[in-house]
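The sequence shown begins at 1 in the numbering used here and counts up one residue at a time. Here a beta-carbon is modelled for each residue, glycine too, at the ideal position from N, C-alpha and C. These notes are about the structure you will find just below.
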Amino acid sequence: MTILRTTSLGALLAVVLVLPAFGQGGVDRIDSNTKRIPLHTVIPEYPEVARRDRVEGSVQVCFNISRSGFPRRIAVRHSTSRLFEKIAKKAVRQSTWQPLADNEQESGIKACRTFRFSLVPVTRDEPD
Numbered sequence: 001m002t003i004l005r006t007t008s009l010g011a012l013l014a015v016v017l018v019l020p021a022f023g024q025g026g027v028d029r030i031d032s033n034t035k036r037i038p039l040h041t042v043i044p045e046y047p048e049v050a051r052r053d054r055v056e057g058s059v060q061v062c063f064n065i066s067r068s069g070f071p072r073r074i075a076v077r078h079s080t081s082r083l084f085e086k087i088a089k090k091a092v093r094q095s096t097w098q099p100l101a102d103n104e105q106e107s108g109i110k111a112c113r114t115f116r117f118s119l120v121p122v123t124r125d126e127p128d
């Protein structure tokens, strides 16, 4: 009886702690082919307006990485909704990459980062 009660309590806690995270939506990051090593990657938070209106989409932000590892000339290349553009550019602006050594050449002119904003549906069992 105690084992059953403990297991049920553990399952209930798992549901209570995990379910709110599903309603928040998620943001995935995809990098272009750059050999620069990210040191600090900022993932944007799902905009509240987009979550409320159930808007999903993606934004591709392209930029140059300076020799010191900071993004420069940040611009939106493609976007499915303007709701995500400002926050995606801000996330890239706050990210950093490993600086180049004095004798290293830059591996590419531009790098791009795509953020996919998607809402994860919550599935619930119907009561009998």
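query, result
"Between residue 46 and residue 117, how many whole angstroms is the CB-CB distance? I'm expecting something under 8 Å.", "6 Å"
"Do residue 76 and residue 90 come within 8 Å of each other at the CB atom, strictly closer than that value?", "no"
"Taking 8 Å as the cut-off, decide whether the C-beta atoms of residue 111 and residue 51 are in contact.", "no"
"If you draw a straight line from the C-alpha of residue 80 to the C-alpha of residue 43, how long is it?", "18 Å"
"Start and end of the beta strand (DSSP E) containing residue 101?", "Run containing residue 101: none; DSSP gives neither H nor E here."
"Would you identify the three-state DSSP class for residue 74, choosing helix, strand or coil?", "strand"
"So, for residue 99: in the same chain, excluding its five sequence neighbours on each side, which residues have a beta-carbon less than 7 Å away from its beta-carbon?", "67, 68 and 69"
"CB-CB under 8 Å to residue 64, same chain, minus the five flanking residues each way: which ones, in chain order?", "71, 72, 73, 109, 110 and 111"
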